[in-house]
Every structure is written in C-alpha cells, then in structure tokens.
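Novice:
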Amino acid sequence: MTYVVIPWWRVGLAAALVLLSGALSAALRLGMGRQLLIASARTAVQLVLVGMVLQWVFARGHWLAVVGVLVPMTIIAGVSAVQRSPRRFPGDLAIAVGSVWATGWIVSAFGVIAVVSPRPWYSAQYLVPITGLILGNSLTGIALGLDRMTSELVGTRAQVEALLAMGATRWEAARGPLRRAIRAGMTPTVNSMLAAGIVSLPGTLTGQLLSGIAPVEAAKYQIVIMFLIAAGTAFGTCAVVLLGFRRLFDEEHRFLHRRIYNRKTGPKPG
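Each residue of the sequence shown is one higher than the one before, starting from 6 at the first, in the numbering used here.
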C-alpha cells in the first residue's frame, strides 16, 4: 500500500467547501462567516509553516533541532491552558507550564524509548508528533482542571471556610472541589477512549491508514498513543490541581480566596 500525493489545486477544492459554509452562514445571518474564513486561513498558514519546519527538522535529524521544536510547543501549551480560564491566581502560569512540561515530556520519553523504540530514540519522526499529541490533550485537561478548580472553590467558599473553622485540614475542606476538578479534566479523554473505533476513527489511525500503513499496525500505534494521552492528561491534571491547591491554601490551613481573581478585572487589592 502507498499514499496518494495531493496537489495544491486539490487542496483548493477542499477550501471551496469552507467558502460554501461561509456563504451558508451569511445566508442564515449566523455571524460566523468572517470567523470561519479567518480560522481557515490561519489553519492553512500555520500547518504549512509547521510542515516546512518539520521537514527541515526531519532532514537534520539532530536532537537539538528536535528540542528546538518541542520547547516552544510546550510553553505555548502551558500559556494556552491558563488563558482558557476566566479566573486566575498568582503563580498559575508557572504551575501550568511546569505541569505540561514535566508530564508531557516524561510520558512522551517513556512512550518513545520504552514502547516505540526507534533508532535513534530522539528521531523527530516519532518524538515530535507523539509529544505534540500528548501536549495538546494535556493542555485541554489542565485547562479544564484549572477552570473547574477555581470555579468550585469560589462557588463553595462558604462551605470550605465552615469546614476549616470547625477544625478540618485544608485537604479535608478542599477535597471535594479538587476531586471534581481532576475528574472534569480527565473526562474528555476518557470519553474519546470509549468512542474510539466505534463512533469515530482517531487521528493517528486515520493518518496512518491514509499513508498506507497496514490497518492492524495502525491500530497498534493508535492504542499506544491513546494510552500515553490518557496518562499524560491524568498526571498533568492532577499536578496542576494539586499545585494550585497549595497556592490557594497556606500551611496554617487558611483558604486564600482573595488570590483568585477575574482575568478581566485583575487581582484584588490588598
């Protein structure tokens, strides 16, 4: 089996469908035509640039080139996770970037070195896409975990402070909101695993099938990727929620609720 090379003019045929979608939005006055066109243009430009960069990295084959791609990917993932939440607290950016970095790179290294085992182990063909998939899904879990944690703590502040006043430790008082935050971060990944192969064909499986890989081999790669994504999301969500918990509760078991602020209004004075 082999893959079919798509010429650019055929890519333009696919773009024509987006134009039709924009026309439909205009006809129904949905107000999304401009957003759709901008999103499509950004997608095309970003993916072409990424393709050019990866082509250079693949040709170089040096580990420094691979690291040079993974570092900005990781930082952008951490920053994006924080920006998705309407609430902030001091230190959340460092916590998000650190959680994405540690869990994403550790899980990716394990998957590439122990499971896939390419030669050399830092082969860009394997390390970059696998790490990118783990970072992208960890980003979603971390963003959901942060958002749910701050909203839960704000919404249950009276209950949390009542428990602390009655002698509960900070963990006992915040345990419920923290668990719900971690569960919220992990739910999308679990749902995608439940639907894989039945409701939809995941991206890695689809991509390898289109490239001519044998279906069973493509399925094995997809299984490995989904297991790595699940682990990265679980570890990353737990890390960011527990580190955030330590920023919002001090060692004297006080809830530092004033540290949580709305990103639009800024930190509270005092």
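Positions of the beta carbon are idealized from the N, C-alpha and C atoms, including for glycine.
#1: Assuming T238 and T194 form a contact by the criterion Cβ under 8 angstroms, report the distance between their Cβ atoms to the nearest whole angstrom.
#2: Taking the alpha helix (DSSP H) that T161 falls in, what are its first and last residues?
#3: By the DSSP assignment, the alpha helix (DSSP H) with A235 in it spans what residues?
#4: Exposed or buried, which one is F115 when buried takes at least 16 other CB atoms within 10 Å?
#5: Would you mind stating whether V9 and V120 have Cβ atoms separated by less than 8 angstroms?
#6: With DSSP as the reference, label Y127 as helix, strand or coil.
#7: Once DSSP output is grouped into helix, strand and coil, what is the label at S205?
#8: Considering only residues of the region 43-122, which uninterrupted alpha helix (DSSP H) runs meet the minimum length of 4 residues and lie entirely inside it, listed in chain order?
#9: Return the first residue and the last residue of the alpha helix (DSSP H) that V10 is part of.
#10: Suppose you measure from the CA of A21 to the CA of A200; what does that come to, to the nearest Å?
#11: For P134 and E222, what's the separation of their Cα atoms in angstroms?
#12: Do the CB positions of L140 and A186 come within less than 8 angstroms of each other?
#13: Classify P77 as buried or exposed, calling it buried when 16 or more other Cβ atoms lie within 10 Å of its own Cβ.
#14: Straight-line CA distance for A49 to Q227?
#15: Can you check DSSP and say which residues form a bridge with N267?
#16: I believe V245 touches I111 by the beta-carbon criterion, under 8 angstroms. Please report the beta-carbon distance rounded to the nearest angstrom.
#17: Return the CA-CA distance between I100 and E257, expressed in angstroms with no decimal places.
Specialist: Reading off the structure:
#1: That belief holds up - the Cβ atoms of T238 and T194 are roughly 5 angstroms apart, short of 8 angstroms.
#2: Note, T161: premise wrong, no alpha helix (DSSP H); not H, not E.
#3: Here the alpha helix (DSSP H) through A235 covers 220-253.
#4: By the beta-carbon neighbour count (other beta carbons within 10 angstroms, threshold 16), F115 is exposed.
#5: It is not a contact, given that the beta carbons lie outside the stated cut-off.
#6: Coil at Y127, not helix or strand.
#7: Of the three classes helix, strand and coil, the one that applies to S205 here is strand, per DSSP.
#8: Listed in chain order, the complete alpha helix (DSSP H) runs (minimum 4 residues) inside the region 43-122 are 68-88, 97-115.
#9: Note, V10: premise wrong, no alpha helix (DSSP H); not H, not E.
#10: About 30 angstroms.
#11: Approximately 17 angstroms between the Cα atoms of the pair.
#12: It is not a contact, given that the beta carbons lie outside the stated cut-off.
#13: Label assigned to P77: exposed.
#14: About 25 angstroms.
#15: N267 is bridged to R92.
#16: Wrong, their Cβ atoms sit about 15 angstroms apart, outside the cutoff.
#17: Going by the C-alpha atoms only, they are around 22 angstroms apart.
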